[in-house]
Amino acid sequence: MNGTRVTRRRFLAGAAAVGAVGLPGVARRAVAQPKATISYWNGLTGADGKVMDELIEQFTRETGIRIEQQRIPWADLYAKLQVSVPAGEGPDLALIHTIEVPHFANDGVLEPIDESTVSGKGFRADEYLPSTWQGGIYQGKRYSLPLDVPQHILYMNVKLMRAAGLVAADGSPKVPASRDELLVMAKQIAKGDTYGFAIGTVNPGKYTWGFQNLLWQNGANVYTPDLKRSALAEPAAVEVAEFFGAIHAQHKVAPPANASCRDAFIAGKLGMWIAGSWNFTGLRDAKVDFAVAPVPRLFKQPVVWSMPHQYTFPKPKALEAAKRDAAWAHIRWMSDHVAEWTLRAGQVSARRKAHSDPRITADPVLKTLLAQAPNWQGGQPTPKWVAAENLTRPVIETIYIGQKPARAAMEDLARQINALPE
Amino acid sequence: MAAADRGVKHRAPRRLRRGALTPYLFLVPGLLLFAAFRLYPLLDGLRLSFTNARLGRPQYAWVGLANYQRLLDDTRFHASLWNTAFYTVASTLPILAIPLVLAVALNRGVALKTFLRSAFFFPFTLSVVTVGLTWLWLLDPVVGPFNYYLRTLGLPTRSWLADPYTAMWAIILTTVWWVTGYYLVIYLAGLQDIPGELYEAAALDGASGWRSFWSITLPLLRPVLLFVFVTHIIGSFQIFGQVFVLTQGGPGDATRTVVQHLYETAFQNFFHFGSASAMAWVLFGVIVVFSLLQFRLLRGHTEY
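Here the protein sequences come in this chain order: H and C. Sequential numbering from 0 applies to the first sequence in numbering that gives the first Met the number 0. Sequential numbering from 0 applies to the second sequence in numbering that gives the first Met the number 0.
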């Protein structure tokens, strides 16, 4: 509603201006300053995509730069970039996840960005959260600039938690402090087709991002620190795998491997849910009575999985300065308007400036997300990260459903990852 | 005379040759398209299968049979071959029989025949993604209606698509629901080609309904059955869409099929076109062998 009113007002203001200046004036200006049109690909296919549309419209109104946006599901977007960029058919600007940077950089899909260009365009490291700023660098070269930080958070269904008597002294839902406590609480909630705990949006059985979160909490990781071989058969990783299998196959507190945890949570059939921050605006739209808390410490460290979105320039066949400038102008504009993006799309910005915006600090969910910043961790910078993740998906699912014992499955997975071709 | 004879002799074959070329000229546009979009990719795929080509990398090298050799050790490829074979065998009987039963019933002239024919055909007009998403929701373990009604009736529920023992059957069920209408229409056309006198004569000789089905309907439907059988087998070996939408090959690798494995190798895991092309050619070989076997088995008895 608000947007419509603004548009109408702006339209009337524009019409008045045209009337005052006269049409020839407008035409002359349009000829004098032809503005670029750039292509921009991203994977914002959810509610966030609609917000991006609106912001892009506003950007075009203010700058005259037109953006042809293509929103493609992330996995397809990456395949499309890999195919079209070498053919010279890539977009002028692309938004990708940090972990995609190494393999795209390695394959020459992305163009390196000079630090002098970055500072020349007014982007400074101290304006950004360090982990997001560093995420744009691969093997000493910068390939991307961070926009925001999708991350995990704990959602709790207030009604279910209250019904199970899991409330703190102030009446808010109780937050588990360890994995034993989590299991006890989850068992109190679980009943029939109602589940106590889940990690993952859809298909929790193969939710690698949740599995990574647990690995990192236990000090484990997909690769050894030198990135030479897989560390998934090490005891700390196996311990995580055992827990991952226990929640569904053994204790039956987590939903089936292919359930939609989001639908279950909205339907009031899931009590505690570790999932992406991108879900919370949808939960509000669905009028679910929920509370949030930082991702609980289930292993050794309270690490929170995070995966910044990064702006990148896919390598063009021949660089057109006007288009590159227009792309920079958009990144600049979005960085300056990132508070709007945070408020409406629910993604915490990588840039610090927006964090003190009173509208953001007043929002309990955004405040919780921001408070998690010291515990953020992301994937390892290797071109083989994504391939390893693809191999991980079916293997953790066999553990989740109890088809394979954790240790044997993880040893097999480590073998598969080590056999990945160079 | 001799000269004239020779002239005639010379002219006749030339005219013949010119006439013989005409059909090919008409075929040229189609053949060119076939060559550009079918033959060339096919053969280029064969070439790629002997290289270490990767999408996005301009240089690649000839690696001989290495990609094929790797397939011998690739346990996930073996699993996907086995799953594809299982799907093909397990889905054949329902896909041959259910549309046949429905077609025979509809051919007898039941009430609402036209409506029912359209109703059965309707699912086939949907894309595989629509069908997959519909069934994904129907079979959802928590909020899906399938389990809801089972629960209401006091029957045990399952997460059909997340259980290695039921996932492939759920895919078969989805496929049967989707393609029944298509085969039904083909069977109906075949049934309408069978002369009514044969049934009349059989009835006069005192043949029962079953007897005329076994002795008239089935034998005379043989060409149609062969068509359905062969196209179904070829299609089954290439199953991808339903699996991709419903299970992504899961749980674990329980429903991973060859084409899915190939797709992931080519477009998700490192864009290994060489390796994926080798898989495609192995699958091609399997399909050719099966198709030849089917034709050999059924050829002698079929009148076209």
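Each residue gets a CB set at the ideal place from its N, CA and C atoms; glycine is no exception. None of these values were measured; they are calculated from a predicted model.
Where the alpha helix (DSSP H) containing residue 44/C begins and where it ends:
39 to 47 is the span of the alpha helix (DSSP H), which, as asked, contains residue 44/C.
Please list, in chain order, all residues of the same chain as residue 59/C whose beta carbon is under 6 angstroms from its beta carbon, the five residues on each side excluded.
-> Leaving aside the five residues that flank residue 59/C on each side, the residues in its chain whose CB is nearer than 6 angstroms to its CB run, in chain order, 50, 51, 52.
Next on the checklist: Does residue 321/H pass the burial test, meaning 16 or more other C-beta atoms within 10 Å, or should it be called exposed?
Outcome noted: Answer is exposed; the Cβ neighbour count stays below 16.
- Query: Which residue or residues does DSSP assign as beta-bridge partners of residue 308/H?
  - Reply: Per DSSP, 96/H, 147/H.
Rounded separation between residue 92/H and residue 276/C - CA only: For residue 92/H and residue 276/C, the distance between alpha carbons rounds to 32 angstroms.
Minimum Cβ-Cβ distance from residue 241/C to chain H less than 8 angstroms: With its beta carbon at least 8 angstroms from every one in chain H, residue 241/C lies outside the interface.
- Query: Which residues, in chain order, does the stretch 151 to 169 of chain C contribute to contact with chain H at a C-beta distance below 7 angstroms?
  - Reply: Cβ contacts with chain H: 158, 160, 161, 163.
key: Minimum Cβ-Cβ distance from residue 266/C to chain H less than 8 angstroms   = For residue 266/C, the answer is yes, since a Cβ of chain H falls inside 8 angstroms of its Cβ.
Tell me, to the nearest whole angstrom, how far the beta carbon of residue 264/H is from that of residue 156/H; I am working on the premise that it is less than 8 angstroms. Rounded to whole angstroms, the Cβ separation of residue 264/H and residue 156/H is 6 angstroms, and the two are in contact under 8 angstroms.
- Taking all protein chains shown into account, decide if residue 388/H is buried (16 or more other Cβ within 10 angstroms of its Cβ) or exposed. With 16 or more other CB atoms across the displayed protein chains lying within 10 angstroms of its CB, residue 388/H is buried.
field: For residue 158/C, three-class secondary structure by DSSP
entry: Look at residue 158/C here: in three-state DSSP terms it is coil, with no helix or strand label.
(request) Give the secondary structure of residue 303/H by DSSP, where H, G and I count as helix, E and B as strand, and everything else as coil. (result) Looking at residue 303/H - three-state DSSP - the assignment turns out to be strand.
Review point. Residue 192/H CB to nearest chain C CB: under 8 angstroms?
Key: Yes - at least one Cβ of chain C is within 8 angstroms of the one on residue 192/H.
CB contact below 8 angstroms: residue 284/H versus chain C: So no, residue 284/H is outside the interface.
**OP:** Check each residue of the stretch 19 to 53 of chain C: if its Cβ is closer than 7 angstroms to any Cβ of chain H, include it; give the result in chain order.
**Re:** Hits within the stretch: zero.
Report the residues of the stretch 112 to 141 of chain C with a CB closer than 7 angstroms to any CB of chain H, ordered along the chain.
Cβ contacts with chain H come from 139, 140, 141.
- Query: Are there 16 or more other CB atoms within 10 angstroms of the CB of residue 237/H, so buried, or fewer, so exposed?
  - Reply: Residue 237/H is buried by the Cβ-count criterion.
Is any beta-carbon of chain C found at less than 8 angstroms from that of residue 71/H?
-> No, because no Cβ of chain C sits closer than 8 angstroms to the Cβ of residue 71/H.
Name, in chain order, the residues that DSSP records as bridge partners for residue 275/H. Residue 275/H is bridged to 151/H.
request  = Would you decide whether residue 370/H is buried or exposed? Buried here means 16 or more other CB atoms lie within 10 Å of its CB.
outcome  = Around the C-beta of residue 370/H, fewer than 16 other C-beta atoms lie within 10 Å, and the residue is accordingly described as exposed.
**Q.** C-beta neighbour in chain C for residue 400/H, strict 8 angstroms
**A.** By this cut-off, residue 400/H is an interface position.
Alpha carbons only, please: which of 71/H, 90/H, 36/H, 80/H is nearest the one belonging to residue 64/H? Here the closest residue by C-alpha is 36/H.
Given this structure, state the Cα-to-Cα distance separating residue 315/H from residue 108/H, to the nearest angstrom. Approximately 9 angstroms, taken between the alpha carbons.
Practice prompt. For residue 276/H, count neighbouring C-beta atoms within 10 Å of its own C-beta (all shown protein chains included) and say buried if the count is 16 or more, exposed if not.
Written response: Within 10 angstroms of the beta-carbon of residue 276/H lie 16 or more other beta-carbons, which makes it buried.
- Query: By the 10 Å Cβ neighbour count, where 16 or more other Cβ atoms means buried, how is residue 36/C classified, buried or exposed?
  - Reply: Classification for residue 36/C: exposed.
Check: Within 10 angstroms of its Cβ, does residue 304/C collect 16 or more other Cβ (buried), or is it exposed?
Finding: There is simply no residue 304/C to check, as chain C begins at 0 and stops at 303 in what is shown.
Against residue 250/C, what residues of chain H qualify as contacts under a CB-to-CB distance less than 9 angstroms, listed in chain order?
Under the 9 angstroms cutoff, chain H gives 204, 205, 256, 257, 393, 396, 397, 399, 400, 402.
- [ ] Go ahead and label residue 345/H buried or exposed: buried means 16 or more other beta carbons lie within 10 angstroms of its beta carbon, across all protein chains shown.
- [x] By the 10 Å Cβ count, residue 345/H comes out buried.
Between residue 138/H and chain C, is there a C-beta pair that is closer than 8 angstroms? Closer than 8 angstroms: no.
The beta strand (DSSP E) enclosing residue 68/H, as first and last residue numbers: Under the DSSP assignment, residue 68/H falls in the beta strand (DSSP E) whose first and last residues are 65 to 70.
query = To which residues of the same chain is residue 267/C closer than 6 angstroms at the C-beta, ignoring the five residues directly before and after it?
reply = Excluding sequence neighbours, residue 267/C sits near nothing in its chain.
**Asked** Of all the residues that make up the stretch 379 to 393 of chain H, which are near chain C by a beta-carbon distance shorter than 7 angstroms?
**Response** Residues passing the 7 angstroms Cβ filter: 386, 389, 393.
So what's residue 399/H in DSSP terms, helix, strand or just coil? Here residue 399/H sits in helix by DSSP.
Which of the three DSSP states is assigned to residue 198/C in this structure? Helix.
Next on the checklist: DSSP three-state label for residue 257/H, please.
Outcome noted: Three-state DSSP puts residue 257/H in coil, outside helix and strand.
Measure from the alpha carbon of residue 128/C to the alpha carbon of each residue in 255/C, 25/C, 74/C, 170/C, then state which is nearest. Of the candidates 255/C, 25/C, 74/C, 170/C, the residue whose Cα lies closest to the Cα of residue 128/C is 170/C.
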